[in-house]
Amino acid sequence: MTMQSDLATLATDIHWPARFIPETADLFSHNSLLIHASCERVWSHIVDAEKWPQWYPNAKDVALLNGARVLGDGTAWRWTTFGLPLESRVHEYVPYSRLGWYGYAPGAQPTFYHTWFLTPRGADCLVVMDEAGVGKDAAHLRETDESLMHRGHDLWLATLKWVAEGQ
């Protein structure tokens with residue numbers, strides 16, 4: 719997948735912060751998958767971030783800050799993904815439907831914005847995961863391995879499907 723092909727299929731219902739508009743971002747990935755479970759069940763796995771490493775191999779050392787037990791409005795956490803230590807902070811939180819967070823190197827300005835958008839489809843849940851990156855690190859990743867983020871998100875959705883359908 720290329721950024722151009724992902725832009726051609728981006729989810730139009732995502733609420734993007736001004737700095738992270740996909741069409742002007744240095745890197746963008748769009749992924750979606752129908753999961754045969756309710757959006758409530760899918761959501762419960764997404765917001766239980768400290769358990770991500772149990773089912774998503776690209777998440778490590780997830781630690782929620784300030785006593786949070788699950789992701790919620792304004793929650794901050796530290797974790798490692800794609801081999802990089804990051805901090806993240808929830809920006810948009812609409813239970814069972816929307817979750818958006820900023821990602822950044824500790825102490826730096828946000829350089830990535832990651833979204834989950836869940837839509838019921840009968841008894842199933844359509845899960846859309848879009849992410850935009852800005853700045854030199856995002857541009858470098860696009861130049862060196864443009865599809866890395868897309869492939870990582872495909873894996874995240876596949877393992878989310880596995881854990882949500884397995885209950």
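Per our numbering, residue 719 is the first one in the sequence shown, and the count goes up by one each step.
Yeah, the Cβ is synthetic: ideal placement off N, Cα and C, and Gly gets one too.
In this text, all values refer to a predicted model and were calculated from it rather than measured experimentally.
{"Item": "Check: G790 C-beta below 7 Å from any heavy atom of the ligand MN", "Value": "Looking at this structure, you won't find the ligand MN or any other ligand, since it has none at all."}
{"Item": "Endpoints, beta strand (DSSP E) assigned at V852", "Value": "Where V852 is concerned, there is no enclosing beta strand (DSSP E), given that its DSSP letter is neither H nor E."}
{"Item": "Burial state of E849, where buried means 16 or more other Cβ atoms lie within 10 Å", "Value": "buried"}
{"Item": "DSSP three-state assignment for H733, whether helix, strand or coil", "Value": "coil"}
{"Item": "Local Cβ density within 10 Å of T862, reported as buried at 16 or more and exposed below that", "Value": "exposed"}
{"Item": "Residue span of the beta strand (DSSP E) that contains L802, given as start and end", "Value": "802-812"}
{"Item": "C-beta atoms of H784 and H868 nearer than 8 Å", "Value": "Rather than His, the amino acid found at residue 784 in this sequence is Asn. Cβ atoms of N784 and H868: not closer than 8 Å."}
{"Item": "8 Å Cβ cutoff, L875 in contact with chain D", "Value": "Considering every chain present, this structure includes no chain D. It has just one protein chain."}
{"Item": "Spatial distance of V846 from V852 (CA atoms)", "Value": "20 Å"}
{"Item": "Residue environment, D818, which counts as buried when at least 16 other CB atoms sit within 10 Å", "Value": "Checking the sequence shown, residue 818 turns out to be Gly, not Asp. Flag for G818 reads buried."}
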